[in-house]
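Written out below as structure tokens is the structure these notes cover.
There are 2 protein chains.
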Amino acid sequence: MLLCDIGNTSYHFCNENREYKESVKSFDPSSVKEKVYYICVNKALHVKLHSLSNWIDLSEYIDKKKYYQTMGIDRIFAVEAINEGVIIDAGSAVTVDVVKNNEFVGGFIYPGIQAMRKTYENISPALAYSFNFECDLDIMPKNSQDAISYGYLKTLYSEVMSHNLPVILTGGDALEFKKIFRDAKVDEKLIFNSMKKIILQNEDRLC
Amino acid sequence: MLLCDIGNTSYHFCNENREYKESVKSFDPSSVKEKVYYICVNKALHVKLHSLSNWIDLSEYIDKKKYYQTMGIDRIFAVEAINEGVIIDAGSAVTVDVVKNNEFVGGFIYPGIQAMRKTYENISPALAYSFNFECDLDIMPKNSQDAISYGYLKTLYSEVMSHNLPVILTGGDALEFKKIFRDAKVDEKLIFNSMKKIILQNEDRLC
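Quick note, the sequences are listed as chains A and B, same order. Numbering-wise, the first sequence is residues 1 to 207 according to this note's numbering. Numbering-wise, the second sequence is residues 1 to 207 according to this note's numbering.
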């Protein structure tokens, strides 16, 4: 079974054996001849993909009323994957979504590592540091690098932990954030597993 | 008594009657003939100002051992102003400093409103919203504007409130943040008042 999670820059494929990425700019989806189950946040690709009969849009198998209109389909699939917890999907943005008793409670969006590093650098060259993920967040900082690291990380940490729910980390920077959210479960395949779950639930219509 | 708080873009003057600003680019400090007590975060101006005998650098009257080497002198003066509390100085950066029993505990740096708005916009045009300072931070968001507003504001709020100390707001965006930190005291003259306090404490050397 071939799965594909399409973002703004790449097609992220997953089959039984491996994961691989193709660039949105150069990859031609009609070159794939087998059946592909996909989700796609990239609006520019919707028409093209809908014209290909072997590309199956899994977003059509979700009860969208549980979510809000502009919520990214990747966030929706992450939420569909769990019964209870806070999902942190750490990529170019960090999305944080709360699920309680199988219901989506709501979520927020925080800048990703690279975006936030640039933000500090643009405010002042004196703040052009990389973040220190080893920084002790129990101690108020007394140097510039820790002052921005704490500003970026402890604020997020305090808010996430206030929900008193298990934390699940996914996305490209999951392992960096694991250094801060030490008790969190890292699940890099959360969205692909959710796609498989939706396929199984709709087996009679899909297969 | 003429006071001046010099930043990266402007000279911010305060005398008995009024406050006014002059541009760092165009203003000539030697045009002031009376005595000026100042602090200055703008390194490019240090040599020029030190050559003018009527410009008195108040940073020399602070016990710097209590702070860290790269800490901005404006933050140090804000801290010197209070005995206990969390100071939020909301400008192009938001600096947050904690004081307990007259001692500087530490502090962190968070992006200012404009810097953070640009950050979200650069991540995706779908996140190009202004922040909703009326957003109810007790409810997890279910729309994009509140999702970024909560991401920017609730994270900061959760961290600041965890210190269980009075909150003092200063800086150009103090009144915006007052909508979130409802019990905070707004003190737009915090740094000027701190400068006056240091002058009084060192009256014999300074006057």
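Beta carbons: idealized from backbone N, C-alpha and C, even for Gly. Just so you know, these numbers come straight off a predicted model, no measurement behind them.
Item to complete: With a threshold of 16 other CB atoms inside 10 Å of the CB of A/Arg75, please say whether the residue is buried or exposed.
Response: For this step, residue 75 of chain A is matched to residue 75 along the first sequence. So A/Arg75 ends up on the buried side.
Worksheet item: Helix, strand or coil: which one does DSSP assign to A/Tyr68?
Response: Numbered from 1 along the first sequence, position 68 holds the residue referred to as residue 68 of chain A. A/Tyr68 carries a coil assignment under DSSP once its states are collapsed to helix, strand and coil.
Worksheet item: Mind pulling the alpha helix (DSSP H) runs of 4 or more residues that sit fully within the stretch 102 to 149 of chain B?
Response: 113 to 123
Worksheet entry | Short-range partners of chain B found in the stretch 158 to 181 of chain A, where Cβ spacing is below 9 angstroms | Residues passing the 9 angstroms Cβ filter: Ser158, Glu159, Val160, Met161, Ser162, His163.
Fill in: Three-state class that DSSP yields for B/Ser10 in the structure shown
Here residue 10 of chain B is taken as the residue at index 10 of the second sequence, counted from 1. Residue state, collapsed to three classes: strand.
Worksheet item: Helix, strand or coil: how does DSSP classify A/Lys185 here?
Response: Here residue 185 of chain A refers to the residue found at position 185 when the first sequence is read from its first residue. Looking at A/Lys185 - three-state DSSP - the assignment turns out to be strand.
Discussion item. Beta carbons nearer than 7 angstroms to chain B: which residues of the stretch 45 to 68 of chain A have them?
Written reply: Tyr68
Worksheet item: Does the Cβ of B/Asp97 have 16 or more other Cβ atoms within 10 Å, making it buried, or fewer, making it exposed?
Response: Here residue 97 of chain B corresponds to residue number 97 of the second sequence, with the count starting at 1. Its Cβ being crowded by 16 or more others within 10 Å, B/Asp97 is buried.
Item to complete: Given a cut-off of 8 angstroms, decide if A/Ala128 and A/Glu121 are closer than it, judged by their beta-carbon atoms.
Response: Against the first sequence, residue 121 of chain A aligns to sequence position 121. Against the first sequence, residue 128 of chain A aligns to sequence position 128. Cβ distance < 8 angstroms, so A/Glu121 and A/Ala128 count as in contact.
Fill in: Interface partners of B/Ser144 on chain A, CB under 7 angstroms
Counted from its first residue, the second sequence places residue 144 of chain B at position 144. Residues of chain A passing the Cβ test: Thr70.
Worksheet item: Taking Cβ-Cβ distances shorter than 9 angstroms, what residues in chain B pair up with A/Gly106?
Response: By 1-based counting over the first sequence, the position of residue 106 of chain A is 106. Near A/Gly106 (Cβ distances below 9 angstroms), the residues of chain B are Ile139, Met140, Pro141, Lys142, Asp146, Ala147, Tyr150.
Item to complete: Please say whether B/Thr9 and B/Val24 have beta carbons closer to each other than 8 angstroms?
Response: In the second sequence, counting from the first residue as 1, residue 24 of chain B sits at position 24. In the second sequence, counting from the first residue as 1, residue 9 of chain B sits at position 9. Yes, Cβ-Cβ distance for B/Val24 and B/Thr9 is below 8 angstroms.
Discussion item. Within 8 angstroms of any Cβ in chain B, is that where the Cβ of A/Pro125 sits?
Written reply: The residue given as residue 125 of chain A occupies position 125 in the first sequence. Chain B, which has no Cβ nearer than 8 angstroms to the Cβ of A/Pro125, makes this no.
Discussion item. Just to confirm, is the Cβ distance from A/Gly85 to A/Leu165 under 8 angstroms?
Written reply: Within the first sequence, the letter at position 85 stands for residue 85 of chain A. Within the first sequence, the letter at position 165 stands for residue 165 of chain A. Closer than 8 angstroms, so yes.
Item to complete: Starting from the Cα of A/Phe108, find the closest Cα among A/Val41, A/Val160, A/Val167 and give me that residue.
Response: Here residue 108 of chain A refers to the residue found at position 108 when the first sequence is read from its first residue. A/Phe108 has its Cα closest to that of A/Val160, out of A/Val41, A/Val160, A/Val167.
Worksheet item: Based on the DSSP output, what are the partners of A/Ala90 in its beta bridges?
Response: Looking up residue 90 of chain A in the first sequence gives position 90. DSSP, once it has assigned bridges, lists A/Val94 as partnering A/Ala90.
Fill in: Residue environment, B/Asp63, which counts as buried when at least 16 other CB atoms sit within 10 Å
Mapped onto the second sequence, residue 63 of chain B falls at position 63. That one is exposed.
Worksheet item: Which residues of chain B have a Cβ atom closer than 8 angstroms to the Cβ of A/Leu156, listed in chain order?
Response: For the purposes of this step, residue 156 of chain A is identified with residue 156 of the first sequence, where counting begins at 1. Near A/Leu156 (Cβ distances below 8 angstroms), the residues of chain B are Thr155.
Worksheet item: Comparing the C-beta of A/Tyr11 with each C-beta of chain B, is any distance below 8 angstroms?
Response: Locating residue 11 of chain A in the first sequence gives position 11, counting from the first residue. Chain B contact via Cβ: absent.
Worksheet entry | Contacts of B/Pro29 in chain A (Cβ-Cβ under 9 angstroms) | Locating residue 29 of chain B in the second sequence gives position 29, counting from the first residue. What B/Pro29 touches in chain A: nothing, since even the nearest Cβ is about 22 angstroms away.
Fill in: Residue nearest to B/Asp146 in terms of C-alpha spacing, selected from B/Pro29, B/Ala126, B/Ala90
Against the second sequence, residue 146 of chain B aligns to sequence position 146. Considering only alpha carbons, the answer is B/Ala126.
Fill in: Cut-off 8 angstroms between Cβ atoms - residues of its own chain near B/Asn15, not counting five sequence neighbours on either side
Working through the second sequence from its first residue, we reach residue 15 of chain B at position 15. So the list reads Met1, Leu2, Leu3, once near-sequence residues are dropped.
Practice prompt. Name the residue from B/Trp55, B/Ser144, B/Lys178, B/Met140 whose alpha carbon lies nearest to the alpha carbon of B/Ile87.
Written response: Taking the second sequence and counting its residues from 1, one reaches residue 87 of chain B at position 87. Considering only alpha carbons, the answer is B/Lys178.
Item to complete: Indicate whether A/Ile6 and A/Tyr37 have their beta-carbon atoms separated by less than 8 angstroms.
Response: Counted from its first residue, the first sequence places residue 6 of chain A at position 6. Counted from its first residue, the first sequence places residue 37 of chain A at position 37. Their beta carbons are not under 8 angstroms apart, which means A/Ile6 does not touch A/Tyr37 by this criterion.
Worksheet entry | Secondary structure of B/Asp204, DSSP reduced to three states | Position 204 of the second sequence, counted from the first residue, corresponds to residue 204 of chain B. Correct three-state label for B/Asp204: helix.
Practice prompt. Using beta-carbon positions only, say whether A/Phe13 and A/Ile191 come within less than 8 angstroms of one another.
Written response: Walking along the first sequence from the start, residue 13 of chain A turns up at place 13. Walking along the first sequence from the start, residue 191 of chain A turns up at place 191. No; because the gap between Cβ atoms is not below 8 angstroms, this pair is not in contact.
Practice prompt. Give me the Cα-Cα distance between B/Ile198 and B/Val79, rounded to the nearest whole angstrom.
Written response: Counting from one through the second sequence, the residue named residue 198 of chain B turns up at place 198. Counting from one through the second sequence, the residue named residue 79 of chain B turns up at place 79. Roughly 12 angstroms separates the two Cα atoms.
Discussion item. Which same chain residues end up closer than 8 angstroms to B/Leu137 when comparing Cβ atoms and leaving out the 5 residues on each side of it in sequence?
Written reply: Position 137 of the second sequence holds residue 137 of chain B. Around B/Leu137: Tyr150, Leu153, Lys154, Tyr157, Ile180.
Practice prompt. State the start and end residues of the unbroken alpha helix (DSSP H) segment that holds A/Val32.
Written response: Within the first sequence, the letter at position 32 stands for residue 32 of chain A. Careful: A/Val32 lies outside any alpha helix (DSSP H) and carries neither H nor E.
Discussion item. Using CA atoms only, rank isn't needed, just tell me which of A/Lys185, A/Ser124, A/Tyr110 is closest to A/Ile82.
Written reply: Along the first sequence, read from residue 1 onward, the residue named residue 82 of chain A stands at position 82. Selected option, being the one with the closest Cα: A/Lys185.
Worksheet item: Would the beta-carbon of A/Leu230 fall within 8 angstroms of that of A/Cys40?
Response: Past the edges of chain A, shown from 1 to 207, lies residue 230 of chain A, and the structure says nothing about it.
Fill in: Near-chain B residues of the stretch 74 to 99 of chain A (beta-carbon distance less than 9 angstroms), N- to C-terminal order
Ser92, Ala93, Val94, Thr95, Val96, Asp97, Val98
Fill in: Reference A/Lys35; option with closest CA among A/His46, A/Phe27, A/Leu58
The count along the first sequence starts at 1 and reaches residue 35 of chain A at position 35. When each option's Cα is compared against that of A/Lys35, the closest is A/Leu58.
Discussion item. Assuming the contact rule is C-beta atoms closer than 8 angstroms, A/Ala93 and A/Ala174 should be a hit. Round their C-beta distance to whole Å, please.
Written reply: Reading the first sequence from its first residue, position 93 is the one you call residue 93 of chain A. Reading the first sequence from its first residue, position 174 is the one you call residue 174 of chain A. Rounded, the Cβ-Cβ distance is 14 angstroms, inconsistent with contact.
Item to complete: Just tell me which of A/His163, A/Ile123, A/Phe133 has its CA closest to the CA of B/Gly112.
Response: For the purposes of this step, residue 112 of chain B is identified with residue 112 of the second sequence, where counting begins at 1. Measuring from the Cα of B/Gly112, the nearest candidate turns out to be A/Ile123.
Fill in: Pick from A/Asp28, A/Gly72, A/Glu19 that is closest to A/Asn42, judged by C-alpha positions
Walking along the first sequence from the start, residue 42 of chain A turns up at place 42. Among A/Asp28, A/Gly72, A/Glu19, the Cα nearest to that of A/Asn42 is on A/Gly72.
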